[in-house]
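For the sequence shown, the residue numbers in our numbering are 8 to 309.
Yeah, the Cβ is synthetic: ideal placement off N, Cα and C, and Gly gets one too.
Keep in mind that this is a model prediction, so the values were computed, not measured.
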Amino acid sequence: MFTLRLSLLAVLAGLLPLASAPAEQPASVSVQLASGRSFTGQVDARTSPEQLVLRFVRPGATLTRPIDWQSVRAATIDGMPVAKDRLLALAAEARSQEPGDRIQEAEAGNQGAGVRIQGAGVRIQEAVARNQESEFRNQEPEALDIASVSFDARLANWDGDVETDGLLVDLLPLSIEGYVVPASGIVEIELFAPQFRDFNHAPLSGGDTLQRVERWTRRVLAAEMGPNGTRLRLGFGAVHPEFDTDWSGIGLVHVKFVAPGHGVFEDSRDAVRIRPFAPLRDQLQQKQMDRFLPTEGVGRHN
């Protein structure tokens, strides 16, 4: 009897570390979407080649969110990039650890985001199609309406010569919370600047007039927008401020964005430099000399 009791104690002692060892937690995946939003959760067993399903564990409930793979820009685990195949493998591991009824549910596939009350054995499904990230590819989600439009404009050179070529404009349709709303539409951009004229041609303004330098119209697509909106490259046309020096080097940019289903939104930026700050070139110009040196390559001449 004493020997049997010792044997039982030895077996229990061997099992105790296994029982007390904490279960390994699934890896957390951080996902960056084309809309600019990001989520961090665990790969759910319902993940399929068509959709990534993330699971978010909260006290008393488990939330799930399906995301189309086309909307996923990047995914990382512990800061290291992971590919789609790795996430599908994690989903397969999760399915292998699910009870039989949950495996059947995962194989059937669930297209909606939902919440599971832990311990109740039921799943309450909520239709959240308007929040599905797949809608960013074709149309804007109803939950994200444009409240305003903002933009950044800067002078830029995008070829091999030394002079600037035009403006780079980052267009950002914004929700009321300040998030970028991927939206398709037409953007109209105008550039205004003072033009120096002979006094007798503009006596009321002392020889200075505010004129429109350029007007651009572009179509933008929701699928092209990321966390920083969409970037537009706007080249100078008939007037190039680096060569047409009767124009000021500072201008005002006005943007009008027409987004079907949202409305018309406008914004303006003053003091946008349209000719680089170049004191030496300005001095050469005042002496009626060329702003560019003979050894400098330029792609345009007066």
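Note to self: In this structure, how does DSSP classify Arg93 when only helix, strand and coil are distinguished?
What the structure shows: Along the sequence shown, read from residue 1 onward, the residue named residue 93 stands at position 86. Arg93: helix per DSSP, three-state reduction.
Margin query: Would you say Gly233 lies against chain D (beta-carbon separation less than 8 Å)?
Written below: Chain labels in this structure do not include chain D; a single protein chain is all it has.
Check: Secondary structure at Leu228, three-state DSSP: helix, strand or coil?
Finding: Your numbering for residue 228 matches position 221 in the sequence shown. Secondary structure at Leu228: coil, using DSSP grouped into helix, strand and coil.
Check: Nearest-angstrom Cα distance between Leu259 and Gly304?
Finding: Reading the sequence shown from its first residue, position 252 is the one you call residue 259. Reading the sequence shown from its first residue, position 297 is the one you call residue 304. The straight-line gap from Cα to Cα measures roughly 29 Å.
Check: To the nearest angstrom, how far is it from the Cα of Asp253 to the Cα of Asp289?
Finding: If you number the sequence shown from 1, residue 253 lands on position 246. If you number the sequence shown from 1, residue 289 lands on position 282. Between Asp253 and Asp289, the C-alpha separation is close to 12 Å.
Note to self: Once DSSP output is grouped into helix, strand and coil, what is the label at Asp289?
What the structure shows: Here the question's residue 289 lines up with position 282 in the sequence shown. Note: Asp289 maps to helix in three-state DSSP.
Margin query: Taking the alpha carbon of Arg102 as the reference point, which residue from Ser55, Phe63 and Ile74 has its own alpha carbon closest?
Written below: Start at 1 with the first residue of the sequence shown, and residue 102 comes out as number 95. Minimum Cα-Cα distance from Arg102 among the listed residues Ser55, Phe63 and Ile74 corresponds to Ser55.
Check: Considering only residues of the same chain and omitting the five flanking positions on each side of Val129, which have a CB-CB separation below 6 Å?
Finding: As a working note, residue 129 is residue 122 in the sequence shown. Reliability of the predicted coordinates at Val129 is poor, the pLDDT of 37 falling under 50, and no value is obtained from them.
Next item on the list: Go ahead and label Phe158 buried or exposed: buried means 16 or more other beta carbons lie within 10 angstroms of its beta carbon, across all protein chains shown.
Entry: Numbered from its first residue, the sequence shown carries residue 158 at position 151. With 16 or more other Cβ atoms within 10 Å, it is buried.
Margin query: For Ser255, list the residues DSSP reports as bridge partners.
Written below: Here the question's residue 255 lines up with position 248 in the sequence shown. By DSSP's assignment, Ser255 forms no beta bridge with any residue.
Checklist line | Same chain only: Cβ atoms within 6 Å of Leu61, ignoring 5 sequence neighbours per side | finding: Position 54 of the sequence shown, counted from the start, is the residue given in the question as residue 61. Non-local C-beta neighbours of Leu61 in its own chain, meaning closer than 6 Å and more than five positions away in sequence, comprise Phe46, Gly48 and Arg72, ordered along the chain.
Checklist line | Pair within 8 Å by beta-carbon distance, Asp241 and Leu178 | finding: Position 234 of the sequence shown, counted from the first residue, corresponds to residue 241. Position 171 of the sequence shown, counted from the first residue, corresponds to residue 178. The amino acid at residue 241 is misidentified as Asp; the sequence shows Leu. No, the Cβ-Cβ distance between Leu241 and Leu178 is not below 8 Å.
Next item on the list: Below 8 Å on the Cβ atoms is my guess for Leu162 versus Ile281; work out the distance and round it to an integer in Å.
Entry: Here the question's residue 162 lines up with position 155 in the sequence shown. Here the question's residue 281 lines up with position 274 in the sequence shown. Contact flag correct, Cβ pair sits at about 6 Å.
Checklist line | Rounded C-alpha distance that separates Pro234 from Leu40 | finding: Sequence index remark: in the sequence shown, residue 234 carries index 227 (1-based). Sequence index remark: in the sequence shown, residue 40 carries index 33 (1-based). Approximately 9 Å between the Cα atoms of the pair.
Check: For Ser157, which three-state DSSP category applies?
Finding: Indexing the sequence shown from 1 puts residue 157 at position 150. Looking at Ser157 - three-state DSSP - the assignment turns out to be strand.
Note to self: Let me confirm a value: Asp92 is counted as buried when at least 16 other C-beta atoms fall within 10 Å, else exposed. Which label applies?
What the structure shows: Position 85 of the sequence shown, counting from 1, holds the residue named residue 92. With fewer than 16 other Cβ atoms from the protein chains shown falling within 10 Å of its own Cβ, Asp92 counts as exposed.
Item checked: Proximity of Val38 and Ile74 at Cβ, strictly below 8 Å -> As a first step, residue 38 is located in the sequence shown; it is residue number 31 there, counting from the start. As a first step, residue 74 is located in the sequence shown; it is residue number 67 there, counting from the start. Yes, Cβ-Cβ distance for Val38 and Ile74 is below 8 Å.
Check: Helix or strand or just coil, what does DSSP make of Glu4?
Finding: For residue 4 there is no data in the structure shown, the boundaries of the chain being 8 and 309.
Next item on the list: Would you list the residues sitting across from Pro180 in a DSSP beta bridge?
Entry: What you label residue 180 is simply residue 173 of the sequence shown in a count that begins at 1. Partner(s): Val156.
Note to self: Suppose the cutoff is 8 Å on Cβ atoms and the five residues either side in sequence are ignored; what does the same chain contact list for Trp76 look like?
What the structure shows: Sequence index remark: in the sequence shown, residue 76 carries index 69 (1-based). Here the set comprises Pro56, Glu57, Gln58, Leu59 and Lys91.
Notebook entry, point to check: Taking the Cβ atom as the reference point for each residue, do Phe264 and Val194 lie within a distance shorter than 8 Å?
Noted result: Along the sequence shown, one-based indexing puts residue 264 at 257. Along the sequence shown, one-based indexing puts residue 194 at 187. In this structure, Phe264 sits near Val194, with a CB-CB distance shorter than 8 Å.
Notebook entry, point to check: Which one of Pro88, Ile153 and Gly167 has the shortest CA to CA distance from Ser35?
Noted result: Taking the first residue of the sequence shown as 1, we reach residue 35 at position 28. Shortest Cα-Cα distance from Ser35 to any of Pro88, Ile153 and Gly167 involves Pro88.
Checklist line | Classification of Ala127 by the beta-carbon crowding that lies within 10 angstroms, buried from 16 upward | finding: On the sequence shown, residue 127 is found 120 positions in, with the first residue counted as 1. Legend: pLDDT at Ala127 = 39, less than 50; position of this residue unreliable, value from coordinates given subsequently. Counting Cβ neighbours within 10 Å, Ala127 comes out exposed, since fewer than 16 surround it.
Item checked: Other residues of its chain near Thr237: CB distance less than 6 Å, five sequence neighbours each side excluded -> Walking along the sequence shown from the start, residue 237 turns up at place 230. Around Thr237: Leu178, Val227 and Glu231.
Next item on the list: Kindly indicate the opening and closing residues of the beta strand (DSSP E) around Val50.
Entry: Position 43 of the sequence shown, counted from the first residue, corresponds to residue 50. Ser45 to Val50 is the extent of the beta strand (DSSP E) around Val50.
Notebook entry, point to check: If you drop the 5 nearest sequence neighbours on each side, which residues of the same chain put their C-beta closer than 7 Å to that of His247?
Noted result: Translated into the one-based positions of the sequence shown, residue 247 becomes position 240. Sequence-distant partners of His247 (beyond 5 residues in either direction) whose C-beta falls short of 7 Å from its own C-beta, in its chain, are Arg307.
Checklist line | Distance, Leu97 Cα to Ser275 Cα | finding: Position 268 of the sequence shown, counted from the first residue, corresponds to residue 275. Position 90 of the sequence shown, counted from the first residue, corresponds to residue 97. Ser275 and Leu97 have their C-alpha atoms some 48 Å from each other.
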